[in-house]
Amino acid sequence: PDNIDLTGEACKGDSDITEARVTARAGGVAAGLAAIDDLLAVFAPGEGIAADTHARDGDPIEPGQNLATLRGPLPEIVRVERTLLNLLGRLSGVATRTARFIDAMGRTTSRLYDTRKTTPGLRVLEKYAVRCGGGWCHRMGLHDAVMFKDNHITGVPADRLAAHITNLVRRARAAGRSPAFVEVEVDTLEQFDALLTLEPGVVDVVLLDNMPPADLAEAVARRDRAGSPLLLEASGGVSLDTINTIAQTGIDRISVGSLTHHAVSLDIGLDIG
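In case it helps, this note's numbering puts the sequence shown at residues -15 to 257.
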């Protein structure tokens, strides 16, 4: 069968209980340690491996730091080793990149959010890793929030946008669900001005897509002058070099897809004995 470990099978006689250390090879932020027991239950059920963690998710970690200790039969530990390290490395890489963006933002009032640009099958865990790094979770999927992006409203002129969005939101709420929030994406200040005329409560968040910092600051000023409760979110091409400038505009939220799709796995290894 494809799930047989050919190398481990050859070591079956070496079944004495072994101790192994999960060790950070690089510095960063830990994520995924809380899931070790669940991983063992899925990938090594009934194999007698016990785990003790020595750090918590969200902790800063240093090279050489012992993150967890595994005890169990050697063949079973090495069989689950790569799966365990792959996930810990991936999640810690996401948390580490998120923490770097948080540091780059500086002392501002903006919050850093993730996106749906996640690894297939790992969205919940990667969004958890963003939280470990100090970021915030945007919508989990299409089911928990309403977000009208450019493709949803293509061809709608600015002077009809408010009425169009009001109608779309009415339809969405008529479906019987209670979305966590309603968000609309715009890419011009003219579109944004149209949304400022909406009745309070129709839309919660406006995503200002790929706008330069000067336009972001202008949108914040117009929102404040209008006394609107709308939250403003910046997105598009945000980098470690630009995020502080964006945050200084007074924007409420900054969403960054590269927290997940550009994250590099943190080097984490396993040492026997």
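Glycine included, every Cβ here is placed at the ideal spot set by N, Cα and C.
Determine which residues share a DSSP beta bridge with residue i and list them.
i    : result
I1   : P57
F132 : V168
V13  : P44
T7   : N50, G253
A218 : L192, I238
D36  : T53
State buried or exposed for residue i, treating a residue as buried only when at least 16 other CB atoms are found within 10 Å of its CB.
i      : result
V187   : buried
R91    : exposed
E3     : exposed
G30    : exposed
G185   : exposed
S223   : exposed
I227   : buried
G119   : buried
I(-12) : exposed
V153   : buried
H122   : buried
E60    : buried
What are the boundary residues of the alpha helix (DSSP H) that residue i is part of?
i      : result
F165   : Unbroken run through F165: none, as it is neither H nor E.
R100   : No alpha helix (DSSP H) contains R100, which DSSP labels as neither H nor E.
A203   : 197 to 210
S242   : 242 to 245
I230   : 227 to 231
D(-11) : No alpha helix (DSSP H) contains D(-11), which DSSP labels as neither H nor E.
T150   : 142 to 158
V114   : 107 to 116
I20    : 20 to 27
If we call anything under 9 Å between Cβ atoms a contact, is residue i one with residue j?
i     : j    : result
D21   : L58  : no
V190  : A201 : no
H245  : T102 : yes
G258  : L250 : Because the chain spans -15 through 257 in this model, residue 258 falls outside it and cannot be assessed.
L281  : T37  : Given that the chain is displayed from residue -15 to residue 257, the structure contains no residue 281 and the question cannot be resolved.
A113  : A15  : yes
V6    : G257 : no
R212  : L243 : Contrary to the premise, residue 212 reads as Ser rather than Arg in this sequence. No, these two residues do not count as a Cβ contact at 9 Å.
E169  : F132 : yes
D171  : M195 : yes
G117  : A79  : yes
D199  : D134 : no
G56   : A34  : yes
A19   : L71  : yes
T(-9) : V64  : no
A83   : G32  : no
V248  : F85  : no
V130  : A156 : yes
Taking the continuous beta strand (DSSP E) assigned at residue i, which residues delimit it?
i    : result
L179 : Note, L179: premise wrong, no beta strand (DSSP E); alpha helix (DSSP H) at 173 to 179.
I238 : 237 to 239
If you pair each beta-carbon of the stretch 86 to 104 with each one of the stretch 219 to 230, do three or more pairs fall below 8 Å? yes
With a threshold of 8 Å, are at least 3 pairs of Cβ atoms found where one atom belongs to the stretch 28 to 48 and the other to the stretch 140 to 156? no
Can you find at least 3 beta carbon pairs, one from the stretch 230 to 240 and one from the stretch 35 to 43, that sit closer than 8 Å? no
Does the pairing of the stretch 152 to 172 with the stretch 106 to 117 give three or more beta-carbon distances under 8 Å? no
Given 8 Å, three or more beta-carbon pairs between the stretch 172 to 181 and the stretch 125 to 145: yes
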